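Here is the structure we will look at, set down as structure tokens.
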Amino acid sequence: MATAQQERPGGTAQSLWRRLEGPGPLGSGAGYYLILGATLALTAIGIMMVLSASSVESISLGDSPYSAALKQTVFGIIGVIGMFIISRINVRWLKRLAWPGIGGTLVLLVLVQLMGKRVLGNRNWIDVAGFSLQPSEFAKLLLALWMATILTKKANLLHNWKHALVPVVPMGLGVAGLVIWGHDLGTTLVILLVMAAALFFGGVPTRIFAVCGAIMTAGAIGFAVTSANRMCRIYAWVGQTPPECSQDADFTYQVQNGLQGLASGGWLGVGLGQSRQKYNWIPEAQNDFIFSVLGEELGLFGTLLVLALFAVLAVAIFRVVIRQKELFPRVLAGTIMAWLLGQAALNMAMVTGLLPVIGVPLPFISSGGSALVSCLCGVGVVLSLAREEMRPASAGRPRWTVRRPAAAQKATKRKAST
């Protein structure tokens, strides 16, 4: 005779889901502090690694070895302040910024192509008030905000493909087109990921989502095929070197040296600041390939720590997303989650050779002020939603409690008095 209750089919999956979902809406606020702690830890690791990875190149250019790290620290402070300010704002108020935000993004992206700076073949930067700004980084967050606003207004019409795809897909492709105009395929892929995530969390029917996915995939392939540089990178990734690529730079050089750095780190690493690959062996060591320097200096345990922090961030944000009962915060938080974690996955896959080199920075860790501020502001949006779960209503009643009709309350009082 069975002495314990037999587990029903699917019970293990349901138990795992309940663990991911966490306790009730008015829990201890663990999700808020997990998101905040993981974000601050990743940002601190990023500033430390930027200092280590950029010091040698800064000295060779005649600059202070601390110049890049100090700049990253300043932007980190700005981003953290912005994150805390946004976390204190009701996310629904951000709907007012959707149209001005996307309009300003389009204007800046056009100005970048007309008067921006070209760095390493990409035209992504524009000087504003003495600072070098990368509008495409802020476009990810502002596009997510705009799409969440539009999909919320069309919530009852998304079964119709015209309302599901227009104007969301044309606007997303327009932003992606302006970015690819500057020859930045990596950021373009992330923007397409943002658009796909918004449609997914918006509840667009599967058949429409599949058609949209096919369109975006075809566009990404088209962007790759139309560029000789990108095709050479793809050929190098699959182990081929056609004649038209043999005269150019060695497209496997960066990946090979990045993998060598990861391999030489071993279990515990060669020591913080002791990387040998950063001595101009890895191009852009403080940017796209900073994960390789991290693995060389901090070893396997260092890379696993970063992976664990991203995993904590993923689970905590996911718990916030699935608790949202309104469409707007669910789409916005879900899209931010897909953006941050998807970009991190693309970067680490690129560094380890699982994907071609496409130029995607590692969120919170790679050097870049615009990227860091944008990511921290995105986390601020999620923190605002996580705070709502801890905040009781003004009368001391949980915000999720449904007020009963006045007649029912009076009837209860009369019954109690009798």
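The end of the sequence shown is residue 960 by our numbering, with every number in the run present.
Backbone N, C-alpha and C define an ideal beta-carbon position, used for all residues, glycine too.
Quantities reported herein were computed from a predicted structural model and do not represent experimental measurements.
Bridge partners of residue 674 according to DSSP: 669.
Listed in chain order, the non-local C-beta contacts of residue 633 below 7 Å within the same chain comprise 871, 874, 923, 926, 927, local neighbours out to five positions each way being set aside. DSSP places residue 899 outside both helix and strand once states are collapsed to three, so it counts as coil. Residue 861: member of the alpha helix (DSSP H) spanning 832-864, first to last residue.
Going by beta carbons, residue 754 and residue 734 fall outside the 7 Å limit.
Exclusion of the five residues before and after residue 732 leaves 682, 881, 884, 885, 888, 902 as the residues of its chain whose Cβ lies within less than 8 Å of its Cβ. Cα atoms of residue 647 and residue 751: separation of roughly 25 Å, rounded to the nearest angstrom. Judged by DSSP secondary structure, residue 661 falls within the beta strand (DSSP E) whose first and last residues are 659-661. Per DSSP, the unbroken alpha helix (DSSP H) holding residue 931 starts and ends at 911-932. In this structure, the beta-carbon distance from residue 727 to residue 772 falls below 7 Å. Assigned with DSSP and collapsed to three states, residue 664 falls in strand. Its chain contains 926 as the residues whose beta carbon lies nearer than 7 Å to that of residue 631, once the 5 sequence neighbours on both sides are disregarded; these appear in chain order.
The shortest C-alpha to C-alpha distance from residue 739 to any of 816, 690, 628 is the one to 690.
Residue 751: member of the alpha helix (DSSP H) spanning 748-767, first to last residue. Pairing residue 639 with residue 918, the inter-Cα distance amounts to about 18 Å. Contact between the segment 852-869 and the segment 822-837 is absent: fewer than three C-beta pairs spanning the two stretches fall below 8 Å. Within the same chain, Cβ atoms closer than 6 Å to the Cβ of residue 571 are found at 932, the five residues on either side in sequence being excluded. When secondary structure is reduced to three states using DSSP, residue 807 falls in the helix class.
Annotation: residue 853 to residue 846 spans about 10 Å, alpha carbon to alpha carbon. Under the 10 Å beta carbon count, residue 656 is surrounded by fewer than 16 other beta carbons and is classified as exposed.
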